[in-house]
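First up is the structure itself, then whatever we jot down about it.
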Amino acid sequence: MDLGYLTHVADYAAPAEVYRDTIELAVAAESLGYSSFWVAQHHTRALRGVLPSPLVLLAAISRHTSTIRLGTAVIVAPLEHPRRLAEDAGVLDLLAEGRLQLGLGAGSDAASTAAFGLDHASRHARCREVIDELRALLAHDEHLAAHGDLRNRLWWATGSRAGVDAAAARGMGVISGRAVDAEGSTVREDLARYWASGVERPRVAVSRVARAGTPATDLLAGWRSDPAMHWATELIVQTQPTRSGLDVQLLMLRMLANEVAPAIRALDPHSGLVLT
Numbered sequence: 068m069d070l071g072y073l074t075h076v077a078d079y080a081a082p083a084e085v086y087r088d089t090i091e092l093a094v095a096a097e098s099l100g101y102s103s104f105w106v107a108q109h110h111t112r113a114l115r116g117v118l119p120s121p122l123v124l125l126a127a128i129s130r131h132t133s134t135i136r137l138g139t140a141v142i143v144a145p146l147e148h149p150r151r152l153a154e155d156a157g158v159l160d161l162l163a164e165g166r167l168q169l170g171l172g173a174g175s176d177a178a179s180t181a182a183f184g185l186d187h188a189s190r191h192a193r194c195r196e197v198i199d200e201l202r203a204l205l206a207h208d209e210h211l212a213a214h215g216d217l218r219n220r221l222w223w224a225t226g227s228r229a230g231v232d233a234a235a236a237r238g239m240g241v242i243s244g245r246a247v248d249a250e251g252s253t254v255r256e257d258l259a260r261y262w263a264s265g266v267e268r269p270r271v272a273v274s275r276v277a278r279a280g281t282p283a284t285d286l287l288a289g290w291r292s293d294p295a296m297h298w299a300t301e302l303i304v305q306t307q308p309t310r311s312g313l314d315v316q317l318l319m320l321r322m323l324a325n326e327v328a329p330a331i332r333a334l335d336p337h338s339g340l341v342l343t
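Just so you know, we're using my numbering here: the sequence shown kicks off at 68 and counts up by one.
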């Protein structure tokens with residue numbers, strides 16, 4: 068199982084300083100052997116995040132790194148124009164030499180939807196529309212065909228059974244941040260169905276919180292008993308509080324790399340089984 072790191076790029080300092088610190092954080096993650104580095108998008112500072120344009124920051128990060136995969140967790144798809152998103156993501160992916168992992172989701176912040184003058188209640192249907200058009204553009208548009216491999220590095224962040232099934236139907240990866248889905252079933256059941264769906268390359272990233280100062284033994288105990296971990300190909304850890312500064316996050320990065328990563332990487336995802 069791979070180990071990744073997620074930051075909400077929160078406002079512990081002025082945005083310009085936070086952006087520079089995030090570049091430093093990504094460089095440190097690469098040097099410590101992390102497989103991936105993810106940034107969250109926030110339009111109206113939900114969770115105190117100050118990054119509305121994650122592809123721009125990842126472009127900067129790509130020039131300071133060379134091997135670590137760079138991901139969005141996530142871009143709020145209903146607020147995006149599919150062609151504009153495909154173009155921007157394609158340019159970044161070329162700069163990053165194929166390292167972009169494009170995580171998309173419906174979004175939960177009603178204030179962000181309102182800021183774009185859109186209907187929050189229709190976000191899930193709009194999310195499907197944007198993702199389908201994006202996939203079609205990356206596969207068939209003559210101007211974007213050069214980025215066709217990016218189509219195989221799309222992720223759907225979802226907390227619902229319907230979202231997991233939609234990702235499976237499209238051969239996309241799944242980013243799961245909950246132990247129980249919106250319908251009340253365990254994510255274990257949803258992810259087992261995803262693995263059994265015939266997806267050619269199953270990819271499941273489980274996003275989990277590590278509260279600053281928590282001992283590694285406690286974190287590992289919780290993650291080993293996590294019902295979703297059985298089906299994960301990647302664990303993405305985010306430090307909370309989200310406003311933890313660079314020094315705190317660097318300490319967490321090192322602790323996770325030294326004390327958690329060896330145990331996590333020894334875990335193999337369970338494939339091909341269906342829960343009964």
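Here a beta-carbon is modelled for each residue, glycine too, at the ideal position from N, C-alpha and C.
Counting only the same chain and skipping the five closest in sequence on each side, list residues whose C-beta sits under 7 Å from that of residue i.
i	result
residue 332	68 and 70
residue 217	156, 157, 160, 167, 169 and 205
residue 294	246, 253, 254 and 255
residue 136	102, 103, 166 and 168
For the beta strand (DSSP E) containing residue i, name the first residue and the last one.
i	result
residue 276	271-278
residue 331	Run containing residue 331: none in the beta strand (DSSP E); it sits in the alpha helix (DSSP H), 328-332.
residue 94	Here residue 94 belongs to no beta strand (DSSP E); instead the alpha helix (DSSP H) covers 82-98.
residue 136	136-143
residue 301	301-307
residue 168	167-172
Classify residue i as buried or exposed, calling it buried when 16 or more other Cβ atoms lie within 10 Å of its own Cβ.
i	result
residue 321	exposed
residue 274	buried
residue 183	exposed
residue 130	exposed
residue 145	buried
residue 301	buried
residue 348	Residue 348 lies beyond the stretch modelled for the chain, which goes from 68 to 343, so this question has no answer here.
residue 100	exposed
residue 292	exposed
residue 110	buried
residue 243	buried
residue 151	exposed
residue 226	buried
residue 147	buried
residue 282	exposed
residue 97	buried
residue 280	exposed
residue 123	exposed
residue 269	buried
residue 179	buried
residue 186	exposed
residue 199	exposed
residue 288	exposed
residue 257	buried
residue 236	exposed
residue 77	buried
In the DSSP assignment, what residue or residues form a beta bridge with residue i?
i	result
residue 105	73 and 138
residue 244	DSSP, once it has assigned bridges, lists no residue as partnering residue 244.
residue 116	77
So, for residue i: in the same chain, excluding its five sequence neighbours on each side, which residues have a beta-carbon less than 8 Å away from its beta-carbon?
i	result
residue 108	116, 118, 119, 120, 121, 139, 141, 142 and 143
residue 80	88 and 312
residue 93	104, 128, 131, 132, 135 and 137
Give every residue of the same chain whose Cβ lies closer than 6 Å to the Cβ of residue i, excluding the five residues on either side of it in the sequence, and list them in chain order.
i	result
residue 340	Any reading at residue 340 needs caution, since the residue's pLDDT is 39, under 50, leaving its predicted position unreliable; the model's value is listed next. Contacts found: none.
residue 75	107, 114, 116 and 309
residue 335	none
residue 432	As shown, the chain starts at 68 and ends at 343. That puts residue 432 outside it, with no answer to give.
residue 272	242, 301 and 303
residue 172	141 and 224
residue 221	169 and 239
Looking at the unbroken alpha helix (DSSP H) that takes in residue i, where does it start and where does it end?
i	result
residue 254	254-262
residue 150	149-162
residue 121	121-129
residue 179	177-182
residue 289	283-291
residue 314	313-322
*Can you give, in chain order, each stretch of the beta strand (DSSP E) that sits fully within the segment 205-229 and has at least 3 residues?*
221-224
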